[in-house]
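Here my numbering runs 13 ahead of the position in the sequence shown, where the first position is 1.
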Amino acid sequence: VLAAKPPVDALERYREALSSLCGYVFDQGYELRFALEPKPNEPRGDSFVSTVGHALALIDRLEHPELVGVNPEVAHETMAGLSFCHAVALALWAGKLFHIDLNSQRIGRFDQDLRFGQEDLKEAFLLVRLLEEAGYTGPRHFRRPRAESRGYEGGVGIRRRLHEDVSDPGRESAGAHRGSNRPGGPRRRRRVHAGRADDRPVLHGCCAGAAGGAVRLDTLAQREYANERLDQIIVERLLGA
Ligand SMILES: [Mn+2]
14 VLAAKPPVDA LERYREALSS LCGYVFDQGY ELRFALEPKP NEPRGDSFVS TVGHALALID
74 RLEHPELVGV NPEVAHETMA GLSFCHAVAL ALWAGKLFHI DLNSQRIGRF DQDLRFGQED
134 LKEAFLLVRL LEEAGYTGPR HFRRPRAESR GYEGGVGIRR RLHEDVSDPG RESAGAHRGS
194 NRPGGPRRRR RVHAGRADDR PVLHGCCAGA AGGAVRLDTL AQREYANERL DQIIVERLLG
254 A
């Protein structure tokens, strides 16, 4: 809670901690640098070093500022309601862009960690332009698609018409509910009979096995939903790709 700590002292403790870490790196002869990744909130309600700007002000006051830079993340700066491009530009200008985390985020939400370009196409484009024009060659960390171990990278060339793709995004990656939602196809709802003691609930509709019988849950767990593939298809279609 805000009342629990004098914030000025807290920042001084933070500075001391970083100085201590840098001293250790020097003593050990390690060849590494630190990249602070600011975030305005979560899991705490408020962070002391909440944005790229905060981090740079702190770094400037370290004993060994040359050893510490920033790792801006699209989602974190967006959570603060700020322009990510401006944050990255500030870090580039200060010579402190050591690393970058590329995902996306909707303003005003919890840390959604969406894939890069999912929600902010124009800013994503301008960010890429910014990085390329600046000649940034450091690490670029892309958030991987969730719930899809293989997926939309392999299917970048869209060969089917949009309505087919959107209607049945799972057929490339899973095939487990092939054809279940095609236009004109049977519109059956998935029903899971919960609360059974045994681990073989009866599943109906699109989750049913080929013969219409029950399917084991561990078999279903292997299936991929292709949710991100679906979203990527929509983005590519909107872009005319
Ligand atoms: Mn991150």
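All C-beta atoms in this analysis are idealised placements derived from N, C-alpha and C, irrespective of residue type, glycine included.
Applying the criterion that 16 or more other CB atoms from any shown protein chain within 10 Å of the CB defines a buried residue, is ARG153 buried or exposed? Against the sequence shown, residue 153 aligns to sequence position 140. ARG153 comes out exposed.
Residues in its own chain within less than 7 angstroms of GLU136 by CB, not counting five upstream and five downstream? Here residue 136 refers to the residue found at position 123 when the sequence shown is read from its first residue. Here the set comprises PHE97 and CYS98.
At a cut-off of 6 angstroms, would you count GLU86 as near ligand 1, judging by its Cβ distance to the nearest heavy atom? Position 73 of the sequence shown, counting from 1, holds the residue named residue 86. Yes, since a heavy atom of ligand 1 falls inside the 6 angstroms radius drawn around the Cβ of GLU86.
Ligand 1 heavy atoms versus the CB of ASP114: any closer than 6 angstroms? Along the sequence shown, one-based indexing puts residue 114 at 101. For ligand 1, at least one heavy atom lies less than 6 angstroms from the Cβ of ASP114.
Distance check for LEU252 and VAL205, CA to CA, integer angstroms please. Counting from one through the sequence shown, the residue named residue 205 turns up at place 192. Counting from one through the sequence shown, the residue named residue 252 turns up at place 239. A caution first: VAL205 carries a pLDDT of 43, below 50, which makes its placement in the model unreliable, though a value can still be read off. So the two alpha carbons sit approximately 38 angstroms from each other.
Terminal residues of the continuous beta strand (DSSP E) containing PHE123? Along the sequence shown, read from residue 1 onward, the residue named residue 123 stands at position 110. Boundaries for PHE123: no beta strand (DSSP E) harbours it, and the DSSP string shows neither H nor E there.
My guess is that LEU110 and GLY82 are in contact by the Cβ rule of under 8 angstroms, so how many angstroms apart are they, rounded? To locate residue 110, count along the sequence shown from 1; it is residue 97. To locate residue 82, count along the sequence shown from 1; it is residue 69. Confirmed, Cβ separation roughly 7 angstroms.
THR64, buried or exposed, once every other Cβ within 10 Å from all chains shown has been counted against 16: For the purposes of this step, residue 64 is taken as the residue at position 51 of the sequence shown. Flag for THR64 reads buried.
Measure the Cβ-Cβ separation of ALA107 and ASN84 and say whether it is below 7 angstroms. Residue 107 sits at position 94 when you count from the first residue of the sequence shown. Residue 84 sits at position 71 when you count from the first residue of the sequence shown. Contact flag unset, no.
Considering Cα atoms alone, identify which of LEU115, LEU139, ASP231 and GLU29 is closest to PHE155. Here residue 155 refers to the residue found at position 142 when the sequence shown is read from its first residue. Here the closest residue by C-alpha is LEU115.
Quick one, are the C-beta atoms of ALA88 and GLN118 less than 7 angstroms apart? Position 75 of the sequence shown, counting from 1, holds the residue named residue 88. Position 105 of the sequence shown, counting from 1, holds the residue named residue 118. Going by C-beta atoms, ALA88 is nearer than 7 angstroms to GLN118.
If you count every other CB in all the chains shown that lies within 10 Å of the CB of ALA210, and 16 or more means buried, which is it? As a position in the sequence shown, residue 210 is number 197, starting the count at 1. Model confidence at ALA210 stands at a pLDDT of 45, short of 50, so the residue's coordinates are unreliable; what they give is reported in the following sentence. Classified as exposed, ALA210 has fewer than 16 neighbouring CB atoms from the shown chains inside 10 Å of its CB.
Ordered list of alpha helix (DSSP H) runs contained in the region 35-77, each at least 4 residues: The qualifying runs are 65-72.
So what's SER117 in DSSP terms, helix, strand or just coil? Along the sequence shown, read from residue 1 onward, the residue named residue 117 stands at position 104. DSSP places SER117 in strand when its eight states are reduced to three.
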